[in-house]
Every structure is written in C-alpha cells, then in structure tokens.
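Residue numbers (full-length UniProt numbering), protein chains in the order written: chain Z, 1 to 295; chain S, 1 to 462.
Notes for the one structure printed next.
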C-alpha cells in the first residue's frame, strides 16, 4: 500500500532561474506541507513503523511529523542537506538521543510492533537489537579482540572463551577484516587505519547479532578505497540485517540502498525506490538536491 | 627619593610616554589621511614609547639598588685609617654593622672611637648622595630614552613587531624569575643539608629509627644528645597520607564519576562549586575541626569499643586531611573523565551497555592514567600538609602503624625545629633543612611520576 501524496505547490521557483544554490529556507518552506511525504513511505513488512515523529531540541523543532516504514532486511538511505534532521531521526531509532538532556521525541515509533519510547522499555535490549555505527570511527582504546568482544561480554553471549573467540572471528570475517588482523588481535585498535577502524566498529556492532544496523555517515571520514570496502560490506550485510544509512554522498546512496529518503529542514520530503529517486524524483526539492542545485 | 617611590615615578613616566607616543603617532597619521597609513596601530607606538622610557630606567634602578650597598661599604671600609682596617670578613661585617648602627642613630657617636664615628658620618653622606644620584639618573634615563623613543616615531616605523619582540623578552624574564627562585630555594636547602650531614652521619639520618632532636643549647647544659633518625617521621607522614588517600580517593573519584556521567546540568552546577569550596577552607580551620571534633570523637568511639586510643591520633588527622583533598581528586578526575571523547560513550551505549558498564569498562580505563596522575598530585599535597597534623596528630615521633596512636610528620617536625629561639648552626636547626630536602625529593619524585603518567595519557587520543 503506497500512499502517494500529491505535491502541494504554489509559487515554484523556476529551476532555470536558480543558478546559485538556494539559500533561503522560505521558498522551500512554502512547497513542503507538514506530514506530507511523496513517494512510498510505507512498507508491507515493516521492521520499524514510525508515525508522526517529532523531535525537539528545547523548543526548537528538529523533526516535523515524519511518518515512515523501514522494511525488514531493507537498506534505506537518508539523504538531504546538512542540518535537515536525518541524523537526529536516525538516533531516535535506538534512543541515542536520550543522552541529550534537552531532546524530546513525540509520536509513535515501533520496532516489530513494540513502542521504542515506552517508558518501561529496556533501552539496553533495544540497543542490542538496533546497533549503530558512527560517523567517526570510535574504537575503544583496547585491543582489537576486546573491541569486538565488548558487546558479547556485556550481554553474556558467550559461556566459554572458545565461544567468544568464535563470535569475534565471525564478526571480523563478516566485516571483511579477519584476514587483515587475525595475527594481531591483541594490538591496540587505535593503531589501525581509519578504514580498518570503521570496519572494526561495524564488526563490533554486528558481534551482538543485532537485527538492525544504523549507520551515521559511516564513510565520511574514509578515503575512496576504504569507502568501497565498507559499501561492499553493507551490500553483504543487507542479506541478514536491516540497514539504515545516513549519507551525504548521493552516489553512495545510489549504490547501496534499496530505498532513499530525502529530508529537508526537518521534513521527510520524498521516499522512493532508490533508482526512482535518482532518475525521476517526484518532488522538486528532491530534484533540486540530487541535481546539485543546493546541499 | 626612596627606590619604591622612584619605581612608581618610572611607571608614571612610562604612562606619560605612552600617551605622548600615542598622540604623536596620531598627529603624524592625520595629515596622511588616517591611522591606516601608519605601519602599526597608535596603541603600539604608545606602548613602544612606554617601553623605551620604562625598561632602561628600571634596569638602571635595579642595578643601582642592587649594588649601591656594596659599593658604599667598600668606600667606607677603604676610607678607614690604617689602624682599624679589618683583616677578616667576619671583622669587617662586625665593623660595618657598628658603623651603620652609629649612622642610623641606634648607637650614640660618643660610645665609639673617633674614626668609626667619622666613618658613620661618611656612610650617611654617601647614602644620601647615592639616593640623589640614583633618582637623578633614573629620572633622566626615563625621560631621555622616552624622548628618543618618541622622537623616532615615524609612520613607516613598525612599532607592532618591536613591541612584540620586547614583550617576548619581558615574558621570558618573568618565567626565568620563577625558575631562578626555585633554583635558589634548592640551593639554600641543599647547602644547609650538607652542613647538617657534617654534624650527623648520613646513614644515621636515613636509617635511624629514633627521632628526638633535643640537643644541648650551651656546652654546659645537661640535655639529651639528640637522635636524628628520619624513619619515624616518614612512616608518620606515610601513615597519615595513606589514611587521607583512603578517604579522598574513593569519595573523590566516585563523586567525579557522579558529576561527569550521571548528574544533570543543574545538579552539577550546584554540587561542583560546593565540592570545590572544600578546597577553599583554610587548613587551620580543618586543623581545629580535626583536633576539637574528630579526634575526641574517634577516641571516644574507640574507648566505647574497648580499644585504647590516644586523644590525638593519626586517624583523625588523616581523615580530615582526606576530606580536604577530596576536591583535588574529584576536580582532576572530573576533568579527565570529561576529556574522554563522547564518541567512546556513544560507542559503548550503542552496543547496549548501561551507563555504569560504560563507565566501568570504557571510560574509567581510558581515564585511568589521568586519574592516577591526579591522585599522585593529591598525595604530594597530603605529604606537604602541616597544619592539620600539628593540631590533630601530635608531636610525638612514634614509630607505629597503629592509626589510633599519636604520630608526627616530616612537615610538623620542620615547623617545631624552626620555631622559637634557635641557634642557627646546631644540628637541631639544620635537621629541618635535611628533612625539607628529603621531603622535596619525595614530592618531586611523585610529581615526576604523575607528570609522566599524565603525558602517557595524552598520547592516547591525539
């Protein structure tokens, strides 16, 4: 079931007239209607069911009434100009916003039909199921082994040392890092290259067997070769995990994701199959963005 | 004019030079079309003129003040008639003090020989002359140099970079002063320490287990011979510091963890300054708190449990000292914990770790070297603390590990050795310097270790 919302357009700036990047938020504001998203925001088999999600920092709204489904084993990319709320929205999915005092989340967010923001909800269990990889690689200043074993140890996933060894090896293999580090598992992780560190963080995240992996611009600190490796990894992981990736690179979104969601000033403007978003966007803001008129 | 007044006058002259230089640069700039045609801002021309006027004058003043005494003495001594020219340094200084006593009027001229009275008059005259000369010289240097500096102001003159390089030297001089003072202290302590070891064997001092510094003041006095074994003092210091750390480290560290990880912004804003207020309480106040409240409480408590405790105890002093050090530990640890990148916390929390697991497994290990550094600095503080121990732990140098007994520390003994009337070259007095040197070495060692650890910690996230 796809609820395709028709665009509400009034005075539209002619694309030709916009030679320089759109700087004013006003004209964009006029062609977005709160809570209206064009394309296919809903899914038949949702992992996440998000309805009318609003996020405030203090009194300032950061996310304005977003409704979206994220399908099971889907790779969905969040794109949009800086400050559009895509990272904030991502961090709602495993309640990482909790640590920000002034951040408030409203609306209904469900993971497998259970409310994420239920006060009785165990955040620890939620985060074990919804893993996260951050923009900047953040390995702990411990050994490579201890980094990967961190989550399994906390959650008691291994009864014996051999079980733990197995989990660590499997996770590193999945992250495509095993061959590179198998001889120096005791080395400090901070001595690895940036790309290796990021893949280690991915290995660390998948070591607790999450169902969802959230990635917040995972390649923005990496060089093209490391980026290619991580993207390859995402493609492999998508067979067994639901992946939500925030990215500034439209090429990356196009390469790795099934669906792409375009955010603008806290609104979810358009969601659609990735190739559709990049070949024939329905909303003119999406079009302006992907053709590089602003962003 | 007195040197202090002269100093003030030089400063006033420098300020005048500043305004004149400022005004001149502006008046030079205006016909050219504004201050942007100057090479530097008018402020720098003013500052340059002030430095030109002030620094040479200050140097002259400093040199004059430093050497006038010696020079005048030499002239006075040199002017003495044949018969009473002193042969040794000791005689010379005796003679000089006599002369200056006469000159200052403390000793009527009638009581001394005629040549000395004459010398005193000459001394007085020379001093007055010197003062006049100094005032004249300093003022003329200030005015002349300031005028030269003022004269040389041109729009093309790069006053900014000149001021910058002069200031660099001023800053260097300040840093050098601090270092020189430290070196001076070390030398004076080292010198007296060597004198002490000339009277008391080094091994006796280092390994002796008995401390009783009472020595005969006069040759015919019946008194103990004095025993200078530093071990009871250092064990006392160690015992009290250990008790203090047992109190301060857990409380300080846990409150730092609470403040940095758990407390909300409002709570933190109130609790942190309150906690740091503990560091602002004078130690003498802690001292009587320990002596009048804590020590009796402890001895009563011990008595009620059937344990014998002295009314002044290491425990009382150590516990109160621990309370005093809490802000030290908590503040430093709080800084270190806050310095652990947020990304570490996020990484751990995102894996489903709770806050305390994150603290225990990620943040604390990462912050540990820094925390250790902070704790070692706190230990140095505890070792050097005197007032609380004087008041609450007593003066008896017992070699004991029982915290309920009276003990004394190195610093306390230094205080008691040096207070009151003392003969300055007795072993008793010199022992204070030896103890000071040992204490200095101990805290220096601790500080070096602390710095090393802190530096190692820094490398981790760079």
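Where is the CB? At the ideal position from N, CA and C, for every residue including glycine.
- As for any alpha helix (DSSP H) of minimum length 4 sitting wholly inside the segment 128 to 215 of chain Z, the runs are 144 to 154, 161 to 174, 178 to 181 and 194 to 206, ordered along the chain.
- For residue 42 of chain S, the uninterrupted alpha helix (DSSP H) run begins and ends at 42 to 78, by DSSP.
- Taking a Cβ-Cβ cut-off of 8 Å, the neighbours of residue 357 of chain S in chain Z comprise 154, given in sequence order.
- Residue range 103 to 111 is occupied by the beta strand (DSSP E) that includes residue 103 of chain Z.
- By the Cβ rule, the segment 237 to 256 of chain S counts as touching the segment 373 to 384 of chain S, because three or more pairs are nearer than 8 Å.
- C-alpha of residue 129 of chain S to C-alpha of residue 393 of chain S: approximately 57 Å in a straight line.
- Identification of chain S residues near residue 151 of chain Z by a Cβ-Cβ cut-off of 7 Å yields 351 and 352, ordered along the chain.
- Annotation: residue 274 of chain Z to residue 143 of chain Z spans about 39 Å, alpha carbon to alpha carbon.
- Separation of the CB atoms of residue 348 of chain S and residue 159 of chain S is rounded to 56 Å, and the pair is thereby denied contact status at 8 Å.
- Residue environment: residue 182 of chain Z is assigned as exposed (fewer than 16 neighbouring CB atoms within 10 Å of its CB, all protein chains considered).
- Leaving aside the five residues that flank residue 308 of chain S on each side, the residues in its chain whose CB is nearer than 8 Å to its CB run, in chain order, 302 and 404.
- Nothing from the segment 242 to 273 of chain Z brings a Cβ to less than 9 Å from some Cβ of chain S.
- Looking from the CA of residue 439 of chain S, the closest CA among S/235, S/116 and S/103 belongs to S/235.
- Against chain Z, a Cβ distance below 8 Å from residue 265 of chain S picks out 101.
- Beta-carbon to beta-carbon, residue 397 of chain S and residue 232 of chain S are separated by about 4 Å, close enough to satisfy the 8 Å threshold.
- For residue 108 of chain Z and residue 94 of chain Z, the gap between their C-alpha atoms comes out near 14 Å.
- Residues of chain S whose Cβ lies closer than 8 Å to the Cβ of residue 134 of chain Z are, in chain order, 343, 346, 347 and 350.
- For residue 149 of chain S against residue 49 of chain S, the beta-carbon gap comes to about 5 Å, under 8 Å, which counts as contact.
- Under the three-state reduction of DSSP output, residue 70 of chain Z falls in the strand class.
- In this structure, Z/229 is the residue among Z/58, Z/229 and Z/75 with its C-alpha nearest to the C-alpha of residue 176 of chain Z.
- Under the DSSP assignment, residue 259 of chain Z falls in the beta strand (DSSP E) whose first and last residues are 259 to 264.
- Here the C-alpha atom of residue 95 of chain S lies approximately 26 Å from the C-alpha atom of residue 134 of chain S.
- For the C-beta of residue 362 of chain S, the chain Z residues within less than 7 Å are, from N- to C-terminus, 140.
- Taking 8 Å as the cut-off between beta carbons, the residues of the segment 361 to 380 of chain S near chain Z are 361, 362, 365 and 366, in sequence order.
- Cβ proximity to chain S below 7 Å picks out nothing from the segment 159 to 177 of chain Z.
- Using a Cβ distance threshold of 7 Å, residue 141 of chain S and residue 60 of chain S count as a contacting pair.
- Residue pairing by DSSP puts residue 39 of chain Z in a beta bridge opposite Z/271.
- If only uninterrupted beta strand (DSSP E) runs of at least 3 residues are considered, none is enclosed by the segment 398 to 427 of chain S.
- Within 7 Å of the CB of residue 124 of chain Z, the CB atoms of chain S belong to 352 and 354, in sequence order along the chain.
- For residue 121 of chain Z, not one C-beta of chain S is nearer than 7 Å to its own C-beta.
- Across the set S/371, S/84 and S/428, the C-alpha of S/84 shows the shortest separation from the C-alpha of residue 119 of chain S.
- Scanning Z/267, Z/127 and Z/235 for the CA closest to the CA of residue 211 of chain Z turns up Z/127.
- Distance from the CA atom of residue 327 of chain S to the CA atom of residue 441 of chain S, rounded to whole angstroms, is 25 Å.
- Separation of the CB atoms of residue 57 of chain S and residue 10 of chain S is rounded to 5 Å, and the pair is thereby assigned contact status at 8 Å.
- Not one beta carbon of chain S lies nearer than 7 Å to the beta carbon of residue 235 of chain Z.
- Counted as a single uninterrupted DSSP element, the stretch harbouring residue 286 of chain S is not any beta strand (DSSP E) but the alpha helix (DSSP H) occupying residues 283 to 289.
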